[in-house]
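Peer 1: Residue numbers (the working numbering): 4 to 221.
Heads up, the beta-carbon is just placed ideally off N, CA and C, and yes, glycines get one too.
This one's a predicted model, so the numbers in the text were calculated from it and none came from an experiment.
Structure follows, in structure tokens:
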């Protein structure tokens with residue numbers, strides 16, 4: 004007589020992940036937002052869903068489970084962090100402008116960078132106003148970058164530095180003042196001189212490889 008393996012099992016699917024303040028650990032920890040669905044199974048193959056799915060947050064440190072509402076604070080933290088990075092980036096971009104007023108090309112590149120950080124389109128007019136409102140002080144901008152630096156990944160630091168260099172070289176070769184500002188901002192982001200040189204070389208190659216563009220500044 005053949006054996007019939009029938010029973011039930013829970014299938015879990017990872018919906019998202021990030022960091023949150025774990026109530027059990029009492030510290031900031033990675034989390035996974037999971038959805039659990041109970042299934043009837045035959046020979047371990049899910050057949051029928053048993054009841055509604057359940058979503059929960061699992062701390063990747065202590066493995067404790069919490070209701071999804073525990074992430075409400077984490078979402079606000081992410082919004083605050085994004086705003087802080089955008090503010091620091093705007094100051095950095097303003098610090099490397101070539102002239103007293105941002106050119107159309109500089110504004111366009113700044114708008115693209117700030118749109119990416121904010122997660123929503125920023126019109127050139129709004130970007131121009133943002134740049135004009137900054138003091139264009141490289142040291143002050145560096146302090147802002149240093150403040151958000153601990154929250155940034157190495158890729159994010161490199162991305163911000165690339166955006167700064169895009170704007171600094173938008174209208175041609177950097178002036179000595181622009182070069183000094185770039186060095187100051189790179190130090191705040193812990194980008195070494197060798198790494199900075201590599202970013203500049205890659206940017207130049209990228210521009211040179213672009214054909215049909217007005218001079219590869221996009």
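For residue 143, which residues of its own chain have a beta-carbon under 7 Å away from its beta-carbon, when the five flanking residues on both sides are left out?
Peer 2: Position 140 of the chain shown, counted from the first residue, corresponds to residue 143. Here residue 143 has 94 as same chain residues with Cβ atoms under 7 Å from its own Cβ, once five neighbours each way along the sequence are excluded.
Peer 1: Give me the residue from 188, 179, 180 and 153 with the minimum Cα distance to residue 165.
Peer 2: By one-based count along the chain shown, residue 165 stands at place 162. The shortest C-alpha separation from residue 165 is found at 188.
Peer 1: Would you call residue 204 buried or exposed, if buried means 16 or more other Cβ atoms sit within 10 Å of its Cβ?
Peer 2: The sequence position of residue 204 within the chain shown is 201, counting from 1. Result: exposed.
Peer 1: Write down the C-beta distance between residue 100 and residue 134 rounded to the nearest angstrom, noting that I regard them as a contact closer than 8 Å.
Peer 2: Position 97 of the chain shown, counted from the first residue, corresponds to residue 100. Position 131 of the chain shown, counted from the first residue, corresponds to residue 134. Between residue 134 and residue 100 the Cβ distance is about 7 Å, and since that is below 8 Å, they are a contact.
Peer 1: For residue 151 and residue 96, which I take to be in contact (beta-carbon distance under 8 Å), what is that distance rounded to the nearest angstrom?
Peer 2: By one-based count along the chain shown, residue 151 stands at place 148. By one-based count along the chain shown, residue 96 stands at place 93. Actually they are not in contact, since the Cβ atoms of residue 151 and residue 96 sit about 14 Å apart, beyond 8 Å.
Peer 1: Cβ of residue 191 within 8 Å of Cβ of residue 155?
Peer 2: Mapped onto the chain shown, residue 191 falls at position 188. Mapped onto the chain shown, residue 155 falls at position 152. No, the pair does not count as a contact, with Cβ atoms beyond the cut-off.
Peer 1: Taking the straight line between their C-alpha atoms, what separation do you get for residue 106 and residue 128?
Peer 2: Sequence index remark: in the chain shown, residue 106 carries index 103 (1-based). Sequence index remark: in the chain shown, residue 128 carries index 125 (1-based). Using only the alpha carbons, I get a separation of about 12 Å.
Peer 1: Since residue 174 and residue 109 are thought to touch, with beta carbons under 8 Å apart, how far apart are those beta carbons, to the nearest angstrom?
Peer 2: Against the chain shown, residue 174 aligns to sequence position 171. Against the chain shown, residue 109 aligns to sequence position 106. That belief holds up - the Cβ atoms of residue 174 and residue 109 are roughly 7 Å apart, short of 8 Å.
Peer 1: Pull up the distance between the alpha-carbon of residue 141 and that of residue 199, whole angstroms please.
Peer 2: As a first step, residue 141 is located in the chain shown; it is residue number 138 there, counting from the start. As a first step, residue 199 is located in the chain shown; it is residue number 196 there, counting from the start. Spanning the two alpha carbons is a distance of roughly 17 Å.
Peer 1: Kindly provide the ranges of any beta strand (DSSP E) runs that are 3 or more residues long and lie completely inside the stretch 110-170, ordered along the chain.
Peer 2: Segments of the beta strand (DSSP E) lying fully in the stretch 110-170: there are none.
Peer 1: With residue 92 and residue 117 assumed to form a contact (beta carbons below 8 Å), what rounded beta-carbon distance in angstroms separates them?
Peer 2: By one-based count along the chain shown, residue 92 stands at place 89. By one-based count along the chain shown, residue 117 stands at place 114. That belief holds up - the Cβ atoms of residue 92 and residue 117 are roughly 7 Å apart, short of 8 Å.
Peer 1: Taking residue 187 as part of the alpha helix (DSSP H), name the residues at either end of that continuous run.
Peer 2: In the chain shown, residue 187 corresponds to position 184, counting from 1. 179-191 is the span of the alpha helix (DSSP H), which, as asked, contains residue 187.
Peer 1: Just tell me which of 122, 103, 66 and 88 has its CA closest to the CA of residue 27.
Peer 2: Position 24 of the chain shown holds residue 27. When each option's Cα is compared against that of residue 27, the closest is 66.
Peer 1: Within this structure, are the beta carbons of residue 139 and residue 98 separated by less than 8 Å?
Peer 2: Looking up residue 139 in the chain shown gives position 136. Looking up residue 98 in the chain shown gives position 95. Yes, the Cβ-Cβ distance between residue 139 and residue 98 is below 8 Å.
Peer 1: Expressed to the nearest angstrom, what Euclidean distance is found between the alpha-carbon atoms of residue 132 and residue 62?
Peer 2: Locating residue 132 in the chain shown gives position 129, counting from the first residue. Locating residue 62 in the chain shown gives position 59, counting from the first residue. Answer to the nearest angstrom: the Cα atoms are 42 Å apart.
Peer 1: Can the beta-carbon of residue 89 be found less than 8 Å from the beta-carbon of residue 115?
Peer 2: Locating residue 89 in the chain shown gives position 86, where the first residue counts as 1. Locating residue 115 in the chain shown gives position 112, where the first residue counts as 1. No, the pair does not count as a contact, with Cβ atoms beyond the cut-off.
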